[in-house]
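Undergrad:
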Amino acid sequence: MSVFEEISEKLQRGKAKDVAALVTAALEAGEKPEAVLNEGLIAGMNIVGEKFKKAEVFVPEVLVAARAMNAGLKVLQPALKSAGVKPVGKAVICTVKGDMHDIGKNLVKMMIEGQGIECIDLGVDVDPEKVVNAVKESGAELVCLSALLTTTMTAQRDVIEALKEAGIRDQVKVMVGGAPVTQQYADEIGADCYTLDAASAAQAARSFFAA
Ligand code: B12
Numbered sequence: 050m051s052v053f054e055e056i057s058e059k060l061q062r063g064k065a066k067d068v069a070a071l072v073t074a075a076l077e078a079g080e081k082p083e084a085v086l087n088e089g090l091i092a093g094m095n096i097v098g099e100k101f102k103k104a105e106v107f108v109p110e111v112l113v114a115a116r117a118m119n120a121g122l123k124v125l126q127p128a129l130k131s132a133g134v135k136p137v138g139k140a141v142i143c144t145v146k147g148d149m150h151d152i153g154k155n156l157v158k159m160m161i162e163g164q165g166i167e168c169i170d171l172g173v174d175v176d177p178e179k180v181v182n183a184v185k186e187s188g189a190e191l192v193c194l195s196a197l198l199t200t201t202m203t204a205q206r207d208v209i210e211a212l213k214e215a216g217i218r219d220q221v222k223v224m225v226g227g228a229p230v231t232q233q234y235a236d237e238i239g240a241d242c243y244t245l246d247a248a249s250a251a252q253a254a255r256s257f258f259a260a
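Under the working numbering, the very last position in the sequence shown is 260; numbers go up by exactly one each time.
1. Assuming A128 and L76 make a contact with CB atoms under 8 Å, what is their CB distance in whole Å?
2. Does any CB atom of chain C fall closer than 8 Å to the CB of L76?
3. For L86 and L125, I'd like the C-alpha separation in whole angstroms.
4. For K139 and E186, which I take to be in contact (beta-carbon distance under 8 Å), what is that distance rounded to the nearest angstrom?
5. Looking at C-alpha atoms only, which residue of M202, V181 and Q232 is the closest neighbour of V221?
6. Between D176, V175, D151 and V141, which has its C-alpha nearest I166's C-alpha?
7. Given a threshold of 16 other Cβ atoms within 10 Å of its Cβ, counted over all protein chains shown, does S131 qualify as buried or as exposed?
8. Return yes when at least one heavy atom of the ligand B12 lies under 7 Å from the C-beta of P229, else no.
9. So is I56 buried or exposed if we call it buried at 16+ other beta carbons inside 10 Å?
10. For the 8 Å Cβ check, are there 3 or more pairs between the region 226–246 and the region 188–203?
11. Tell whether a beta-carbon distance below 8 Å holds between M202 and G172.
12. Can you give me the Cβ contacts of G163 inside the same chain, cut-off strictly under 7 Å, excluding the 5 residues immediately before and after it?
13. Can you find the residues in the same chain that come closer than 6 Å, C-beta to C-beta, to K154, ignoring five residues on each side of it along the sequence?
14. Helix, strand or coil for I217? Go by DSSP, reduced to three states.
15. Under 8 Å Cβ to Cβ from A211, same chain only, skipping five residues before and after it: list those, please.
16. Between the Cα of G79 and those of F53, G63 and K102, spot the shortest distance and give me the residue it belongs to.
17. Quick one: does the C-beta of C143 sit closer than 7 Å to a heavy atom of the ligand COA?
18. Please classify D67: does DSSP put it in a helix, a strand, or coil?
19. Output the distance between the C-alpha atoms of V137 and A74, rounded to the nearest integer angstrom.
20. Taking 7 Å as the cut-off, is the beta-carbon of A247 closer than that to any non-hydrogen atom of the ligand B12?
21. Any heavy atom of the ligand B12 inside 7 Å of the beta-carbon of K130?
22. Using only the heavy atoms of the ligand B12, determine whether one of them is closer than 7 Å to the beta carbon of I166.
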């Protein structure tokens, strides 16, 4: 088994300490940070994402895998920076105004980060204006909005309207999701993308930046 396969395998099993130790060992052995990221960490997280989509693993497994991913990233970050590997792009993510649910949002964030996209997480119960300001300040190209309540999903529309009013709607792609949200609703409010789960959200996010 190569060191990359080992990293991927330990990540899938949520072994954070092992992942961190293997990443350190790989770097010390002269492996390129970018290869450790793509062939080890991201490869492992992609497998977890696929299994999650097929309901072969569930939320707790994804969360521990994501934690292991973060442990690996922490070790890798300085090496990535000095090697000049830039994030693929930037996204602003939050749960909309009035809504405190953040488990799904956090999963989406972790999976998107797993694609090498930097996420600016504004948390829960977020005002549209705060999203607008974060986009302006960070230059993010993607906005991800989570809503878990039928009473708060309308706030996704409010964010889109606020982006329009601020004159920056064309600069960003808006992705919406959360249990009550549907493709039909996403179309109705003028979102660019809707996905059912975090793994598909990460794939869609990656495809925006690849385009
Ligand atoms: C956990 C939970 C809570 C926790 C939240 C803890 C936390 N830190 O998040 C607490 C206890 C605080 C809570 C509170 C409330 N809750 Co609640 N809660 C839930 C519960 C049981 C699970 C939600 C969850 O985390 N699921 C797991 C995650 C992984 O799934 P997910 O969030 O759907 O996310 C996935 C996808 O939707 C998608 N996704 C999510 N976000 C995004 C974003 C983007 C951009 C994309 C692309 C995809 C995407 O990807 C995720 C991963 O695959 C649901 C029931 C349910 N089965 O959904 C009720 C539920 C959502 N809650 C409900 C209600 C009513 C409430 C309360 C109003 C209860 C009350 N009377 O106080 C309050 C509201 C508080 C508020 N203002 O937000 C209702 C909503 C009904 C409705 N249709 O509006 C539900 C459906 C329960 C029910 N059957 O009645 N809740």
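Where a beta carbon is used, it is the ideal one built from N, C-alpha and C, also for glycine. Quick caveat, the model's predicted, so the values are computed rather than measured.
TA: The structure says:
1. Indeed they touch by this definition, with Cβ atoms about 6 Å apart.
2. Although the question refers to chain C, the structure presented lacks it and comprises just one protein chain.
3. 8 Å
4. In fact, because the Cβ distance is near 11 Å, the residues do not count as touching under 8 Å.
5. V181
6. V141
7. exposed
8. Yes; taking the cut-off as 7 Å, the Cβ of P229 has a heavy atom of the ligand B12 nearer than that.
9. buried
10. yes
11. no
12. Taking C-beta separations shorter than 7 Å and ignoring five residues to either side along the sequence, the partners of G163 in its chain run I91, M94, M118 and A251, following chain order.
13. T144 and S195
14. coil
15. P177, E178, V180 and V181
16. F53
17. This structure simply doesn't include the ligand COA; it includes the ligand B12 instead.
18. In this structure, D67 counts as helix in the three-state DSSP scheme.
19. 25 Å
20. yes
21. Answer for K130: no, Cβ out of range of the ligand B12.
22. no
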